[in-house]
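Under the UniProt record's numbering, the letters of the sequence shown match residues 1 to 176, in that order.
Just so you know, even glycine gets a beta-carbon here, dropped at the ideal spot from N, CA and C.
Keep in mind the model is a prediction, meaning the values are calculated, not measured.
Heads up, the thing below is written out as structure tokens.
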Amino acid sequence: MHQAIVNIMLDRIQEQFVSEKIFCDHFLDITIEEWQDWKKGTTALSSEKMQKLKSLFSDYEWMLIQKIARQTNLFPEKRNYVVAEYKRLKSIIAKEWIKTGMSKVELITEQSFSDTRLNTYPKKHIVTLRIFMSYGEWGYDDILEFCMPGIIQEQIAESKVDLLEWVDENLAETYT
Numbered sequence: 001m002h003q004a005i006v007n008i009m010l011d012r013i014q015e016q017f018v019s020e021k022i023f024c025d026h027f028l029d030i031t032i033e034e035w036q037d038w039k040k041g042t043t044a045l046s047s048e049k050m051q052k053l054k055s056l057f058s059d060y061e062w063m064l065i066q067k068i069a070r071q072t073n074l075f076p077e078k079r080n081y082v083v084a085e086y087k088r089l090k091s092i093i094a095k096e097w098i099k100t101g102m103s104k105v106e107l108i109t110e111q112s113f114s115d116t117r118l119n120t121y122p123k124k125h126i127v128t129l130r131i132f133m134s135y136g137e138w139g140y141d142d143i144l145e146f147c148m149p150g151i152i153q154e155q156i157a158e159s160k161v162d163l164l165e166w167v168d169e170n171l172a173e174t175y176t
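Pasting the structure below:
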């Protein structure tokens, strides 16, 4: 797997999980050694495990990651800041979606998860900000998700503006 993609995946894992070990044990269901070997490119993961890895991202985010990886082939100097570039582009795209007036924003908290199997291991206190464009066809929404520290939920709750305005005003500085 392209190192740019691996770096972006690692950042997402660090945002959502307390440690890579917990991620391996409870989400991916592989040993930490298998994980380390995969990161180095010395072993492959099964297609099932790769699907689980991809599930950390929306289809739109995965497409963006592919484009960024391709850019690092064309411009090798971009390899040094691929994660920052991914986050910057996501923020820019989200703001553009908001400007259209056609996007929707959701704030997803830990309480939103009813799946008890997801609550069996230690997690970071995060909230997920989901911005999406719906086209009226099931399964074709474009989605961007931003994992943020739990304290952001309090800031949004105390804010005098609605969620969409808060995102438009604060997303880039909070996320990147």
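Here L74 is exposed: its Cβ has fewer than 16 other Cβ atoms, across all protein chains shown, within 10 Å. The C-alpha of E20 is placed about 16 Å away from the C-alpha of I126. Assigned with DSSP and collapsed to three states, S91 falls in helix. Pairwise C-beta distances place the segment 11 to 29 out of contact with the segment 88 to 96, as fewer than three of them are shorter than 8 Å. Spanning the alpha carbons of Q3 and I22 requires a straight line of approximately 22 Å. Here the C-alpha atom of L64 lies approximately 10 Å from the C-alpha atom of R70. Pairing I98 with R130 gives a Cβ-Cβ distance that is not under 7 Å. Under the 10 Å beta carbon count, M102 is surrounded by fewer than 16 other beta carbons and is classified as exposed.
Measuring C-alpha to C-alpha distances from F146 to each of K87, H26, T43, W138 identifies K87 as the nearest.
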